[in-house]
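As structure tokens, the structure follows; a few thoughts come after it.
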Amino acid sequence: IAQGIIEHNTDGINRDNLDMIIFVGDVMGHDVYNQSQEQHLHLMRDWIELLRDGLNAYDIPIFMSLGNHEALPVNDYGGPSIDAWFNEPVAEWLSPWIDTAYSMQDAQRPSAVLAKSGYYTSLIRPGLRLVVVNSGYTAHDNFYLTFTQWDAPYIDMAAQYQWLNETLYTAKYVLNETVLIVMHHEMTDAVEQFQKAYYDLYVAYQDIIMTVLAGHTHNDHFHVWGNDNFTAGNASDVNRPFATWFSAGSVVQYDGRNPAFRVFQYDRNSHDLMNFYHYRMDTQKSNAAGVAHWFKAYDAQSEYDLKDISPQSMTELAYQLATNDTLWNRFSFNFYNGIAHATPLNRKSTVCELLTATKWQFQSCLSSLFQHHEHAK
């Protein structure tokens, strides 16, 4: 990634209103067969220094989750003993940010947990907790799961599920906190056993989940968690959407996309999400000028005629995308962050992906929602 892309991507942002910066993983290049431990650590250190040089003036914490490309080989997280060569130094480098002053009240420092596990939790401020999950521990393309643990049930790698359950329980019943979950993958990237176990856990603690921030796909899209019935349209008495998984895209042009990032607006008292402001880099204009050109591409409320970006509003938007051509064309343009692709998105599949979190919800949506629409016609 060109250094100038990061150095200029905060131009025009009001620093006074920012509470935190979150990076959702994949620092490493995607030349996956030309990598080493030394290169991984060198690139990670350079990345953290780049963030520090460019963003330290904000004087706010920077949080990070690990992506599938932080594993070496790619995708293959093996657990604490295998990944310690990476987790321990990275935790130390991130500690000035993730060990917030409020987190010192926790039993363990976030950096200490990250060093020994690959995941962590950090208290942003009283009442608002960040929970960073290593979704690579559950991903279907993780060699250590799909080969060494082929005889399912799979192991709870690094005891992450147990830790997550305890963390959410404490946040809800002991500390009365709202949680902001950060991961790298989509829920559907997990093996079926963990897809069900983790989703059921999130359902159990749905009333304290603010939102889910992630990446991996390099696309601008979302998944609403909590929709299970697709035969009755968008009736609020049928589905209870409780959280939205958001991906803003990526800060690289991988596979034909403009770099992008996003600023979320939320109520600091209720922790309700109000809006997001989406920024892109115009690659063509930047190449011509020799300097990164970032601009505000859109805000969610104006672009999609939303009152807010609550799970209910995002559910309603997904249903509208099935029939409203104007909104669909806007979403399709934004999906690849302003770069037209030769093959159009499959509308039915895309709408069902937006409405669902898991593979079984997606299949249920495909088999019932559009069949219901066709019968209604």
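Take 302 as the starting number for the sequence shown in the numbering used here and just add one per residue.
Virtual Cβ for every residue (Gly too), placed ideally from N, Cα, C.
Using the Cα positions of residue i and residue j, report the straight-line distance between them to the nearest angstrom.
i	j	result
Thr657	Ile383	34 Å
Ala643	Thr479	42 Å
Gly591	Ala459	45 Å
Asp600	Asp327	25 Å
Trp248	Leu367	There is no way to answer for residue 248, as the model of the chain reaches only from 302 to 678.
Trp661	Arg648	19 Å
His517	Tyr605	24 Å
Asp529	Phe324	30 Å
Tyr580	Phe562	5 Å
Ser587	Asp556	18 Å
Ser537	Gly355	Interpretation of Ser537 is limited by its pLDDT of 49, a score under 50 that renders its predicted location unreliable; no figure is taken from the coordinates.
Ala413	Ala392	7 Å
Leu607	Leu373	42 Å
Val552	Leu469	31 Å
Gly437	Lys473	25 Å
Asp490	Gln585	33 Å
Thr659	Ala619	16 Å
Pro645	Asn477	45 Å
Cys666	Phe523	16 Å
Ser396	Pro390	10 Å
Met511	Ser603	22 Å
Gln338	Trp386	8 Å
Val504	Ala498	10 Å
Met345	Asp400	18 Å
Leu446	Trp464	19 Å
Ser548	Gln406	31 Å
Arg258	Glu654	What is shown of the chain runs 302 to 678, which leaves residue 258 out entirely.
Pro381	Gln664	35 Å
Gln336	Ala515	24 Å
Which one or two residues does DSSP pair with residue i in a beta bridge?
i	result
Tyr578	Val564 and Asp600
Ser614	According to DSSP, Ser614 bridges with nothing at all.
Met365	Phe324
Thr545	Val525
Trp595	Met582
Ser423	Leu431
Ile482	Val432 and Val513
Asp440	The sequence given here has Ala at residue 440, not Asp. Per DSSP, Ala491.
Should residue i and residue j be called a contact, given that it needs their Cβ atoms to be closer than 7 Å?
i	j	result
Val564	Ala544	no
Asn443	Tyr378	yes
Ser650	Phe531	no
Asn635	Asp501	no
Asn630	Gly550	no
Asp609	Met575	yes
Ala408	Asn388	no
Tyr421	Gln461	no
Lys597	Tyr578	yes
Trp394	Ile349	yes
Ala589	Met582	no
Tyr455	Gln496	no
Pro542	Gln613	yes
So is residue i buried or exposed if we call it buried at 16+ other beta carbons inside 10 Å?
i	result
Glu371	buried
His485	buried
His341	buried
Phe448	exposed
Val492	buried
Tyr334	exposed
Met615	buried
Asn559	buried
His676	Its pLDDT being 44, under 50, His676 is placed unreliably by the model, and the measurement read from it follows with that caveat. It is exposed - the Cβ of His676 has fewer than 16 other Cβ atoms within 10 Å.
His331	exposed
Ala402	exposed
His343	exposed
Ala623	buried
Asn540	buried
Asp508	exposed
Ala641	exposed
Val475	exposed
Ala440	buried
Asn369	buried
Asn435	buried
Asn376	buried
Rounded C-beta distance between residue i and residue j? I'm assuming under 8 Å.
i	j	result
Val432	Ile482	5 Å
Met352	Ile363	For the record, residue 352 in the displayed sequence is Leu; it is not Met. With a Cβ gap of about 6 Å, Leu352 and Ile363 count as contacting.
Glu487	Trp546	7 Å
Leu429	His572	6 Å
Pro411	Ser418	About 11 Å; that fails the 8 Å criterion.
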